[in-house]
Amino acid sequence: MIDTDALILGAGPAGLFQAFQLGLQEIRAHIVDVLPYVGGQCAALYADKPIYDIPGVPVCKGRELVASLQQQVAPFAPQLHLGQEVTAFSTLPDGRLQLRTSAGTQFTARALFIAAGIGAFQPRRLRIEGIEAFEGGALHYHAPDAAAVAGRHLVVAGGGEEAVASALAFAQAAPASLTLLHRRDVFEAEPAQLAELQRLRASGRIQVVTGQPTAFTAGLAALVLSHAEGADTHLPLELLLVQQGLSPRLGAIADWGLAMERKQLAVDPASCATSLPGVYAVGDINHYPGKKKLILCGFHEATLAAYHAAERLVSGRKVVVEYTTTSTRLHGLLGT
Numbered sequence: 002m003i004d005t006d007a008l009i010l011g012a013g014p015a016g017l018f019q020a021f022q023l024g025l026q027e028i029r030a031h032i033v034d035v036l037p038y039v040g041g042q043c044a045a046l047y048a049d050k051p052i053y054d055i056p057g058v059p060v061c062k063g064r065e066l067v068a069s070l071q072q073q074v075a076p077f078a079p080q081l082h083l084g085q086e087v088t089a090f091s092t093l094p095d096g097r098l099q100l101r102t103s104a105g106t107q108f109t110a111r112a113l114f115i116a117a118g119i120g121a122f123q124p125r126r127l128r129i130e131g132i133e134a135f136e137g138g139a140l141h142y143h144a145p146d147a148a149a150v151a152g153r154h155l156v157v158a159g160g161g162e163e164a165v166a167s168a169l170a171f172a173q174a175a176p177a178s179l180t181l182l183h184r185r186d187v188f189e190a191e192p193a194q195l196a197e198l199q200r201l202r203a204s205g206r207i208q209v210v211t212g213q214p215t216a217f218t219a220g221l222a223a224l225v226l227s228h229a230e231g232a233d234t235h236l237p238l239e240l241l242l243v244q245q246g247l248s249p250r251l252g253a254i255a256d257w258g259l260a261m262e263r264k265q266l267a268v269d270p271a272s273c274a275t276s277l278p279g280v281y282a283v284g285d286i287n288h289y290p291g292k293k294k295l296i297l298c299g300f301h302e303a304t305l306a307a308y309h310a311a312e313r314l315v316s317g318r319k320v321v322v323e324y325t326t327t328s329t330r331l332h333g334l335l336g337t
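Using our numbering, you'd call the opening residue of the sequence shown number 2 and step up by one each time.
What follows is the structure, given as structure tokens:
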């Protein structure tokens, strides 16, 4: 059982900045995210897309914003629990919150901050009966280590930027063979990625196969592909990486008894407190009159939530607005 002042659900921009604002209030935090990496939508959907509305930053890519937020929160060293989803929630008699994740990790927390964006991102899975038994072995929905690919027959299924990027990266990992599988021979990626894919196809280092996987052979040694015309074919493999995009879902949060509006968590706009004591919601997952789904609004909400939580949790110090330019206390926390 992990006992912490605060638990943050979501390691996207709002969640990372929430940890920073809590750190300024001397509230330690753990962060849980269903994805195996930090960054939320910025990392999963917009890693190489430009963002123009971050105050004081004319333009940055999603991955650059995530890296900056990680650097900013580093003095407070929030502990990350990635690749797992919170599945159980309850309130203890003393008011503390108890939570458990899909990986079996258990927490007690004095405050909970839900920064889950538009929901927990889940990979779009292959809809083939029985194939789920191979997850974590021959079947992966997140890219494995390059060492696991070397000398093996790898199939990457997907037609988007993530699938193309994985194919290009694993082409450098010395696989026995590398096949990019999509329902049609058209891919959505950056021009430079598509040019590199064409070059590797021409050299024979990447094979492109079209078809719809509908079944598999014993041991997932091959996929059975159906085609618009002609008979089914078999595509041999040893490793299958499926990257067909991500889809968000609210998941277990919807069953916790939190007041909701428009399929979002209703909060007090002055504090971002939800209908349950000690539970806050920031970022795209919350709703209040005038709500705007913008990253900068999530940052503002994280600040309000941190101050409100500090008034409940911090003892022996009056919670007042301090400025990082002048506060010696904040300078000490930040190590400046």
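Backbone N, C-alpha and C define an ideal beta-carbon position, used for all residues, glycine too.
Treat the numbers as computed from the prediction; the structure is a model and nothing was measured.
Comparing alpha-carbon positions, the option among A44, T337, L113 lying closest to E163 turns out to be A44.
When the five nearest sequence neighbours on each side are left out, the beta carbons in the same chain lying within less than 6 Å of the beta carbon of L81 are those of I32, in order along the chain. Residue nearest to I254 within the set P76, R101, D4 is R101 (criterion: CA-CA distance). Runs of the alpha helix (DSSP H) lying entirely within the region 36-102 and spanning at least 4 residues, in chain order: 41-45, 63-74. Assignment of beta-bridge partners to P176 by DSSP yields no partner. A139 has its alpha-carbon roughly 10 Å from the corresponding atom of V156. For A30 against L23, the beta-carbon gap comes to about 5 Å, under 8 Å, which counts as contact. For the pair F21 and Q73, the CB atoms are nearer than the 8 Å cut-off. Assignment of beta-bridge partners to L127 by DSSP yields no partner. The Cβ atoms of G41 and G161 lie no closer than 8 Å to each other. Judged by DSSP secondary structure, F108 falls within the beta strand (DSSP E) whose first and last residues are 107-115. Beta-carbon to beta-carbon, Y281 and I28 are separated by about 12 Å, too far to satisfy the 8 Å threshold. For the options L198, T211, A190, the alpha carbon positioned closest to that of H183 is the one of T211. Pairwise C-beta distances place the region 164-175 in contact with the region 192-210, as three or more of them are shorter than 8 Å. Excluding sequence positions up to five before and after T234, its CB lies within less than 8 Å of the CB of G212, V225, L226, H228, all in the same chain and listed in chain order. As DSSP reads the structure, V156 sits in a beta bridge with T180, L241. About 13 Å separates the beta carbons of A112 and L305, which is beyond the 8 Å limit, so they are not a contact pair.
A Cβ-Cβ distance of about 6 Å is found for the pair I129 and F217, placing them in contact under the 8 Å criterion. Of the other Cβ atoms in all chains shown, fewer than 16 fall within 10 Å of the Cβ of A196; this residue is therefore exposed. In this structure I9 does not touch T106 by the C-beta definition: roughly 14 Å separates them, more than the 8 Å allowed. Residue pairing from DSSP places V33 in a beta bridge opposite L10, H82. Of the residues A75, V58, E86, the one whose Cα lies closest to the Cα of F18 is A75.
Burial of L179 is indicated by the presence of at least 16 other C-beta atoms within 10 angstroms of its C-beta. Within its own chain, the residues whose Cβ lies closer than 8 Å to the Cβ of P145, once the five positions on either side in sequence are excluded, are L240, L242, listed in chain order.
Within the same chain, A15, Q19, F114, A116, C273, G299, E302, A303, A306 come within 7 Å of V283 by CB-CB distance, once the 5 residues on both sides are set aside.
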